[in-house]
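*Asks:*
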Amino acid sequence: MSVTVVKFGGSSLADAAQFQKVAAIVRADASRRYVVPSAPGKRCSGDRKVTDLLYASFDAVRAGEPFETAFAPVRERFDGIARELSLDVDLESEYRAIERGYADGSRDFAASRGEYLNGRLLAAYLGFPFVDAADVVFFDASGRLDETRTYAAIREMSQRLPQAVIPGFYGRGADGCVRTFSRGGSDISGAIVARGVGAALYENWTDVSGFSVADPRLVTNPRVIETISFAELRELSYMGATVLHEDSIFPVRAVGIPINIRNTNAPEDPGTRIVQASDAPIRTGKVTGVAGKRGFCVITIEKDMMNSEVGFTRKVLSVLERHNISYEHLPTGIDTLGIVLHAELLDGIEDQLLSEIQEAASPDHIEVVRNIALLAVVGRGMVRSKGIAARLLSAIAGADINIRMIDQGSSEMNIIIGVDEADFERAVRAVYVEFFVY
Ligand code: ASP
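Every letter in the sequence shown is one number past the one before it in the working numbering, and letter 331, counting from 1, is 810.
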């Protein structure tokens, strides 16, 4: 029977009522056999995520507050879920073990207990075995996932257990202690479990019905993208579209397991499917989505005959390398070179950097243009299709916005434009209206 790994985010498991929805989803499809929960998230706006409560409680204990008072807000969340669902889980012993862990554990250990306890409760509620992520997800000495050991352990688990709940967000470090991924990392755990058990599908259940064609905070009711390739998703998430942790695509993409983003609060919605490019139908001439971010700057460098000076760009970039600065884009002209980077990277070192570039490459002119926002218009349907750039540029011009930079990725799958930050929202809306409002 094919296997689906289901990951539920924090809002999907924020309280007892959400647990009931989750159980109904798991039970509705027998292939949903391995479940990866996050810690309980916010129940309403203004509420706090359990992971945040855990970090705060650990810091408070370290600052001298008694465990019982510091941990009370966390305890209240889990006791409430267990009570409302009449779950027979010995939470008291778990809390005592956590108290001991706080005494000699790390902040990572504390943060991981949200997923751990939620996993315990969900396993009891579903009647599935519980598998501690620290026994199947391993990091190496440099803090990276130990793929060989992890996938072998998950495979072995799946041969032993036809169903299981495996908490997200953490694993075991090379020193034997609990380690977490970065925030939002349960998405990565779900992808790792999907690959380890050889799943046919990785379902990621959250509180939206998929990726929107544009940021819903900037345009009203944008449509949901039905199918998107991993490469397009990477472009859009890099540019700020946040539904899924950026790193979560790598484990599944490598072996071609599709991801389906679904909405726990609207399980009938099909959501967004993220698939290999070869499985994504190409809609020639169509754009898949638009995303963007503020906070960039451009170092603009001019020098006559730059095009014929061998090694010019290398000399400039070696200065950045010395300062351990990575750049985002490198638009060039015959006698000009632009280096687009995150503006905060220049804080405190701008003058020094410019004088080093001056010394290394002797440009005629160099300046930093700040307050730039970038917009990425992404779509596999743009490849070798005519007219998209023209439509994009005239939409921006039509909104009376000046374009500061244009960069088309060599894959022809994205066009990036830079505009003044003040024009950012209008630019996104103009692109949205041009490509998505028929
Ligand atoms: N609970 C963790 C966080 O809030 C991990 C996750 O939810 O994916 O970041």
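Glycine included, C-beta positions come from ideal geometry on N, C-alpha and C.
Small disclaimer: the values here were computed from a predicted structure and weren't measured.
1. From phenylalanine 445 to asparagine 742, what distance separates their C-alpha atoms?
2. Where in the region 805-849 do unbroken runs of the beta strand (DSSP E), each at least 3 residues long, occur, reported from the N-terminal end onward?
3. I'd like to know whether the C-beta atoms of leucine 825 and valine 769 end up nearer to each other than 9 Å.
4. Beta strand (DSSP E) containing serine 873: first to last residue?
5. Please find out if some non-hydrogen atom of the ligand ASP comes closer than 8 Å to the beta-carbon of glutamate 594.
6. I need the DSSP call for arginine 801, collapsed to helix, strand or coil.
7. Going by beta carbon distance, what residues of the same chain come within less than 8 Å of glutamine 755, once the five residues before and after it are set aside?
8. State yes or no: is the C-beta of valine 616 within less than 9 Å of the C-beta of arginine 586?
9. Assuming contact is defined by CB atoms lying nearer than 9 Å, are leucine 596 and glutamate 563 in contact in what I supplied?
10. Comparing the CB of valine 529 with every heavy atom of the ligand ASP, is any distance shorter than 8 Å?
11. Just the C-alpha distance for valine 898 and valine 514, rounded to the nearest angstrom, thanks.
12. Helix, strand or coil, according to DSSP, for glycine 559 in the structure here?
13. Rounded to whole angstroms, what is the Cα-Cα separation between leucine 833 and aspartate 625?
14. Going by alpha carbons, who is nearest to serine 668 out of Phe690, Gly655, Asp654 and Ile645?
15. Flag this pair as yes or no: are the beta carbons of serine 536 and alanine 582 separated by less than 9 Å?
16. Among the residues of its own chain, which have a CB less than 7 Å from the CB of valine 856, if the five just before and after it don't count?
17. Is the closest heavy atom of the ligand ASP to the C-beta of glycine 598 under 8 Å?
18. What whole-angstrom Cβ distance do cysteine 776 and arginine 883 have, given they're in contact under 8 Å?
19. Can you confirm whether the region 833-847 touches the region 793-802 when touching is taken to mean that 3 or more C-beta pairs between the two stretches lie within less than 8 Å?
20. Which class does proline 746 belong to by DSSP, given the choice of helix, strand or coil?
21. Could you tell me which whole beta strand (DSSP E) segments of length 3 or greater appear in the region 876-907?
22. Need the endpoints of the alpha helix (DSSP H) that lysine 500 sits in, please.
23. At what residues does the alpha helix (DSSP H) containing serine 668 begin and finish?
24. Check whether the Cβ atoms of arginine 762 and glycine 858 sit closer than 9 Å, and answer yes or no.
*Replies:* Reading off the structure:
1. In the structure displayed, the chain extends from 480 to 917; residue 445 sits before or after that span and is not available.
2. 815-821
3. no
4. Unbroken run through serine 873 is the alpha helix (DSSP H), 867-877; no beta strand (DSSP E).
5. yes
6. helix
7. Correct list, in chain order: Ser708, Phe709, Arg732, Gly735 and Pro737.
8. no
9. No; because the gap between Cβ atoms is not below 9 Å, this pair is not in contact.
10. Valine 529: yes, Cβ under 8 Å from the ligand ASP.
11. 43 Å
12. Three-state DSSP puts glycine 559 in a helix.
13. If you take the alpha carbons of leucine 833 and aspartate 625, they lie about 41 Å apart.
14. Ile645
15. no
16. Val766, Val769, Leu871, Asn893, Ile894 and Val910
17. no
18. The Cβ separation is near 11 Å, so there is no contact.
19. yes
20. coil
21. 882-887 and 893-899
22. 495-506
23. 665-676
24. yes
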